Each structure stands twice: as structure tokens, then as C-alpha cells.
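K.L.:
Number of protein chains: 2
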Amino acid sequence: MAEGDLSAPPGARTLLLDTASAIMREGDVVDISLSELSLRSGLNSALVKYYFGNKAGLLKALLDRDWQAIVTSVDALVQKGDMTPEAKLRRHISKVVDTFYAIPYLNRLTMRLVRESDDAEARRIADSYLSPMYRAYDALIEEGVSAGVFRKVDPQLFYFTVTGAVDRFFSVRLVLKHCFDQDTLTEELRDRYREHTVDIIMAGILAR
Amino acid sequence: MAEGDLSAPPGARTLLLDTASAIMREGDVVDISLSELSLRSGLNSALVKYYFGNKAGLLKALLDRDWQAIVTSVDALVQKGDMTPEAKLRRHISKVVDTFYAIPYLNRLTMRLVRESDDAEARRIADSYLSPMYRAYDALIEEGVSAGVFRKVDPQLFYFTVTGAVDRFFSVRLVLKHCFDQDTLTEELRDRYREHTVDIIMAGILAR
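Top line first, the protein sequences correspond to chains U and C. Numbers given in the working numbering equal positions in the first sequence, counted from 1, plus 1222. Numbers given in the working numbering equal positions in the second sequence, counted from 1, plus 1222.
1) Strictly below 8 Å CB to CB, what residues from chain U border residue 1418 of chain C?
2) Could you name the residues that DSSP lists as bridge partners for residue 1428 of chain C?
3) Determine contact between the region 1370-1381 of chain C and the region 1313-1320 of chain C, defined as no fewer than three beta-carbon pairs at a distance below 8 Å.
4) Can you check whether the CB of residue 1335 of chain C is closer than 8 Å to the CB of residue 1269 of chain C?
5) What span of residues does the alpha helix (DSSP H) with residue 1329 of chain C cover, start to end?
6) Name, going along the chain, the residues of the region 1315-1343 of chain C whose beta-carbon falls closer than 8 Å to a beta-carbon of chain U.
7) For residue 1240 of chain C, which residues in the same chain have their Cβ closer than 6 Å to its Cβ, ignoring the five residues on either side in sequence?
8) For the candidate residues U:1254, U:1399, U:1363, whose alpha-carbon lies nearest to that of residue 1327 of chain U?
9) Rounded C-beta distance between residue 1366 of chain C and residue 1311 of chain C? I'm assuming under 8 Å.
10) Is the beta carbon of residue 1356 of chain C less than 8 Å from the beta carbon of residue 1377 of chain C?
11) Report all residues from its chain with a CB closer than 7 Å to the CB of residue 1415 of chain C; omit the five preceding and five following residues, and keep chain order.
12) Find the nearest neighbour of residue 1325 of chain U within the set U:1243, U:1341, U:1258, U:1368, judged by alpha-carbon distance.
13) Please check the pair residue 1297 of chain C and residue 1358 of chain C, which I expect to be a contact at CB under 8 Å, by giving their CB distance rounded to whole angstroms.
14) Shortest alpha-carbon distance to residue 1290 of chain U belongs to which of U:1346, U:1370, U:1409, U:1421?
15) Check whether the Cβ of residue 1390 of chain C lies closer than 8 Å to any Cβ atom in chain U.
16) Taking CB distances under 8 Å as the criterion, tell me whether residue 1415 of chain U reaches chain C.
17) From the DSSP output, in three-state form, read off residue 1232 of chain U for me.
18) Determine the chain D residues that contact residue 1426 of chain C at a beta-carbon separation under 7 Å, and present them in chain order.
19) Is residue 1330 of chain C closer than 8 Å to residue 1252 of chain C when the C-beta atoms are compared?
20) So, using beta-carbon positions, are residue 1281 of chain C and residue 1267 of chain C closer together than 8 Å?
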């Protein structure tokens, strides 16, 4: 396609990412078809090439967008001076539930891109997103342990406990839908699961 | 292949399932190649057709084998008369960690087969394996709540908390291996994660 053919409306890049995210969320998949993307966004699928090179580039851009928002938000929480460690962790766990409700594909997309990437790109993903999360958990938990309100737990293992419990809930959606005619992606169930998870995990870490 | 060509050694069916399980566990995948299966088991890949019809049939048989062992074991635990509810749940959570250590592909295999099955087969999987787990959790938790040792939690949500926390740990293995040169599939790490998980989740559910 010649450059002159491109008529990229303002916000087209963002709209492509938003639409790709919605397709994966609703379809419970970690893939998109360019024709569906074009149909739903109302944008020429050549714009994918223009902005992202190809579909793999689009998926990578989506991963970066989603993770950067998470890392920025967690870093801000760690830095907050006017909150107790308990309130911080409680807010963080609530946020994890809301995040996986919004982007239930995140874990599977991360795994897919790590699997399909070369070593340098896999390491970039790890260094950019997983390492900051580990560091944030180190800080959040160390603060609570020092204050005597948290039991001493391994922050890295605790990270798996939290994200696993949450991720699993939304990723099991397909089974619930298929087999029990339940949709886990409702606000009512999200709120119930948020309360349940905060409750169980906070009770699990608080010092008696 | 004529039937006369088949020389199925005793235990060949079991050996095929064991080998398929080992391939998926070690490769962190939910698929097998019949040539690799044949090479590693030392068995003619025509035996897959003989016992299972095709590869999909083999995967289904593996799912059934793995889930039946879990359901039988959980049912026996629920029935045990000489254990406190707390001891039962503690043993169950330990067992979940050991199960996912042995068959880390279980959740993903279940999702794959539900996704690729027709409605009747998806419902069979749900009725045979997920419903019994829900019922077991209902019983285990109700027993503890009645005895005043557990807080009142939603058994179905609690099921996701437990299995998600455990499953995630082993399914993130690829990332840890790729990015941090760690292998989560070691007995040392399994034991550490078992202790951590039992600790956090029991503290999360016990009444104060």
C-alpha cells in the first residue's frame, strides 16, 4: 500500500488496540483475525501494518500497553506515603481483580508472546514487567512485615498466589459458560470475587 | 493396518498415557506429536489408533485418567470420619500442589478439550469432574463452618482460589525458565510452594 493511500483518523492506533483487546476479552482467546479487527473498528486493516508492522507487532503493542498501566499503578501505590501497608495491599488485590476483569487474556497473552519470542524479546518482557512486579511485592510485603502487621512470607510466591487466584477465576469462564450456563464476566460476580479474594488473602497474610 | 500386525505388549495402553503425560509435563505444552510418543515409548504409533482412535481420543483418555484419580482421592478425603475439617483441608491443599506438580498441564488440557468438544462432551467433562469437585468443596467447607473452625466462604469461589493459586505457579514455569533461568518443576520449590500455599490459605479460611 502506498503511503498516500493511508487515511488514518486521529486515535486510530488506540482504537485498533482497544478493539483487539475487546475481541480477545469477549472471545476468551489470545488471538485476533485482522478482518474482524477491521470490521469492528471500522478501520482499514492496512493500518495494522502501518502502525505495528504485522499482527505479532499489534499483540506486542497491546501487551506493552496493558502491562505498562499495571506497573505504573503498582509503583504509584508502593510510593504512597499516607497509607498503611495493610490498606495498600488490600487496594492492590482489589485492583488485580479489576484488571483481570478488564483484560482476562493478560496472562495467556504474556505466555504466548514469551513462547513465540526470541531470547532477547522474552527477556525484555520479563525485565520490563515481571521484574517490576516482583520488586513491588518485595516492597509492599517488607513494609508490612517491618510494621509487624504481615507475617513473613516469600514475596515471589505470594505474587503467584494472588495473581493465580484471580487469573484462574476469569480464565475458567469458558468452562462455566459452556457447562453451567454461567458467565463469569459480570460486574456482580466480579464484585463478589473481589470481596472473597481480598478477604481470604488478607486473612492469610495478616499477623495475628 | 491389519489387525495381525499389532503386537501390543502388556501395559501398552498405560505406557502410551504415561509417556504422553511426561511429554506434556516436560515440554509445558498441551499437545503431543505421535512420532515423539512412539520414539519415547518404544511403541508403534499405530497403537494410538488401536487404543484411542486418534490423538484426540488419547488426550481425552489422559484427561479422564488424571481427573478420575483426583475425584476418587477427594471423595475419599471427604468421607474420612477420623479427621478434623482443618486437617482434611490442609491435606487437600497439599495434595493439590502435588497434583499440579505431577500434571501441570491439567487445567490447560481441560480447557482445550472443553473448547474443542461438542456440547455433549463438554457437559460430560463438567458433570464428571468439575461438579464432583464443587460438591466436595461444599462438603469440606460446610463441615468446617458447622464445627466453627472455618469462616463462612463461598465454596465455589474458594475452589478457584485454591486451584488458581497452585496452577498458576506451575504454569508460569515457562516464563521463569526463559527469563530468569529458574525451573519451577523441582522438588525443592514444590515443597516450598506447598508450605507457603497451605499456610496462606489455611490462615485465610480459619475462624479467629
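Glycine included, C-beta positions come from ideal geometry on N, C-alpha and C. Predicted, not measured: the structure shown is a model, and the values here were computed from it.
P.N.:
Per the coordinate set shown:
1) Position 196 of the second sequence holds residue 1418 of chain C. Those within 8 Å of residue 1418 of chain C in chain U are 1375, 1376, 1379, 1380, 1383.
2) Your numbering for residue 1428 of chain C matches position 206 in the second sequence. Per DSSP, C:1372.
3) no
4) Walking along the second sequence from the start, residue 1269 of chain C turns up at place 47. Walking along the second sequence from the start, residue 1335 of chain C turns up at place 113. Cβ distance not < 8 Å, so residue 1269 of chain C and residue 1335 of chain C don't count as in contact.
5) Counted from its first residue, the second sequence places residue 1329 of chain C at position 107. 1328-1338 is the extent of the alpha helix (DSSP H) around residue 1329 of chain C.
6) 1329, 1332, 1333, 1336, 1337, 1341
7) Within the second sequence, the letter at position 18 stands for residue 1240 of chain C. So no residue of the chain qualifies.
8) One-based indexing of the first sequence puts residue 1327 of chain U at position 105. Closest by alpha carbon: U:1254.
9) For the purposes of this step, residue 1366 of chain C is identified with residue 144 of the second sequence, where counting begins at 1. For the purposes of this step, residue 1311 of chain C is identified with residue 89 of the second sequence, where counting begins at 1. 7 Å between Cβ atoms; contact.
10) For the purposes of this step, residue 1356 of chain C is taken as the residue at position 134 of the second sequence. For the purposes of this step, residue 1377 of chain C is taken as the residue at position 155 of the second sequence. Yes, they are a contact pair.
11) Here residue 1415 of chain C is taken as the residue at index 193 of the second sequence, counted from 1. Cβ neighbours of residue 1415 of chain C beyond the five flanking positions: 1319, 1391.
12) If you number the first sequence from 1, residue 1325 of chain U lands on position 103. Answer by Cα proximity: U:1243.
13) Counted from its first residue, the second sequence places residue 1297 of chain C at position 75. Counted from its first residue, the second sequence places residue 1358 of chain C at position 136. With a Cβ gap of about 7 Å, residue 1297 of chain C and residue 1358 of chain C count as contacting.
14) The residue given as residue 1290 of chain U occupies position 68 in the first sequence. Of U:1346, U:1370, U:1409, U:1421, the residue nearest in Cα terms is U:1346.
15) Along the second sequence, read from residue 1 onward, the residue named residue 1390 of chain C stands at position 168. For residue 1390 of chain C, the answer is yes, since a Cβ of chain U falls inside 8 Å of its Cβ.
16) Locating residue 1415 of chain U in the first sequence gives position 193, counting from the first residue. For residue 1415 of chain U, the answer is yes, since a Cβ of chain C falls inside 8 Å of its Cβ.
17) Within the first sequence, the letter at position 10 stands for residue 1232 of chain U. Residue 1232 of chain U falls in the coil class under three-state DSSP.
18) In the structure shown, chain D cannot be found, because the protein chains are U and C.
19) Against the second sequence, residue 1252 of chain C aligns to sequence position 30. Against the second sequence, residue 1330 of chain C aligns to sequence position 108. Cβ distance < 8 Å, so residue 1252 of chain C and residue 1330 of chain C count as in contact.
20) For the purposes of this step, residue 1281 of chain C is taken as residue 59 along the second sequence, with counting starting at 1. For the purposes of this step, residue 1267 of chain C is taken as residue 45 along the second sequence, with counting starting at 1. No; because the gap between Cβ atoms is not below 8 Å, this pair is not in contact.
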